[in-house]
Amino acid sequence: MRSEAIPHIDPAPIPFAGQWQYELHFPRDLRGPGVARIALRAILAAHSLSELADRAELLASELATNSVRHTKGPAYVRLQWLHPVLRISVWDASPDLPEPADPSADAEDGRGLLILDLVADRWGACPMGEGAGERRGKTIWCELVFA
Numbered sequence: 006m007r008s009e010a011i012p013h014i015d016p017a018p019i020p021f022a023g024q025w026q027y028e029l030h031f032p033r034d035l036r037g038p039g040v041a042r043i044a045l046r047a048i049l050a051a052h053s054l055s056e057l058a059d060r061a062e063l064l065a066s067e068l069a070t071n072s073v074r075h076t077k078g079p080a081y082v083r084l085q086w087l088h089p090v091l092r093i094s095v096w097d098a099s100p101d102l103p104e105p106a107d108p109s110a111d112a113e114d115g116r117g118l119l120i121l122d123l124v125a126d127r128w129g130a131c132p133m134g135e136g137a138g139e140r141r142g143k144t145i146w147c148e149l150v151f152a
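Residue numbering for the sequence shown follows this note's numbering, starting at 6 and increasing by one per position.
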C-alpha cells in the first residue's frame, strides 16, 4: 500500500471576532496624517484585516488631513474593530461640522465628503462635549464592513 502525502494548506486567518481599539494622537502637523496611515496599515495587517487597508487608509488620510488643514489644535485618529465593522474616527478641537462642497472639475480640494460617500459603508459627524469637563470639538467617523 502506497501512501502519498497530502499537502497541508493553512486556511487564511479569521479576523479576531472580539473588539479592539487603537488611538493615535497627533499635533497640528502635516506629518500627522502620514503617520496615521502607516499605523493604520500596520494595525490592520496585525489583525488579519489587510483587505480593508486600502479603503481604510484613504478614509483615515482624508479625515486626518482635513483636521490638520482646517483646525488649530491637536487631533486623534481612533481605529475600532466591532466585528464585522471597522470604524475610523477622527476627533479635533473645532466644533464646526463639515459641509458638503460643490468643487469645480479642476479644483484640488473640496471632495472629502464625496470620498466618504463613495468609499465608506456608513459615515457621520457629531459635535462633542456639551457638558462641563467634557472634551469639546467634533468627531467624524466612517465604517467599513468586513465581508
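Glycine included, every Cβ here is placed at the ideal spot set by N, Cα and C.
Residues near residue i in its chain [Cβ-Cβ closer than 8 Å; skip 5 each side]
{"i": "Ala98", "result": "Thr76, Lys77, Gly78, Pro79, Ala80, Arg141 and Gly142"}
Other residues of its chain near residue i: CB distance less than 7 Å, five sequence neighbours each side excluded
{"i": "Gly132", "result": "Position check: residue 132 holds Pro in this sequence, whereas Gly was assumed. So the list reads Pro100, Leu102 and Lys143, once near-sequence residues are dropped."}
Start and end residues, beta strand (DSSP E) containing residue i
{"i": "Thr144", "result": "Gly142 to Val150"}
Bridge-paired residues (DSSP) for residue i
{"i": "Leu123", "result": "DSSP lists no partner for Leu123."}
{"i": "Ala130", "result": "Ile145"}
Boundaries of the alpha helix (DSSP H) in which residue i is found, first to last residue
{"i": "Leu49", "result": "Gly37 to Ala51"}
{"i": "Leu64", "result": "Ala58 to His75"}
Inter-residue Cα distance where the pair is residue i and residue j
{"i": "Leu123", "j": "Leu57", "result": "15 Å"}
{"i": "Arg42", "j": "Arg92", "result": "15 Å"}
{"i": "Gln2", "j": "Asp107", "result": "Any question about residue 2 goes unanswered here, given that the chain covers just 6 to 152."}
{"i": "Pro68", "j": "Gln24", "result": "As written in the sequence, residue 68 is Leu, which differs from the Pro given in the question. Approximately 23 Å, taken between the alpha carbons."}
{"i": "Asp34", "j": "Leu45", "result": "18 Å"}
Nearest-angstrom Cβ-Cβ length linking residue i and residue j, presumed shorter than 8 Å
{"i": "Ser94", "j": "Trp146", "result": "4 Å"}
{"i": "Val150", "j": "Val90", "result": "6 Å"}
Cut-off 6 Å between Cβ atoms - residues of its own chain near residue i, not counting five sequence neighbours on either side
{"i": "Gly117", "result": "Glu67 and Asn71"}
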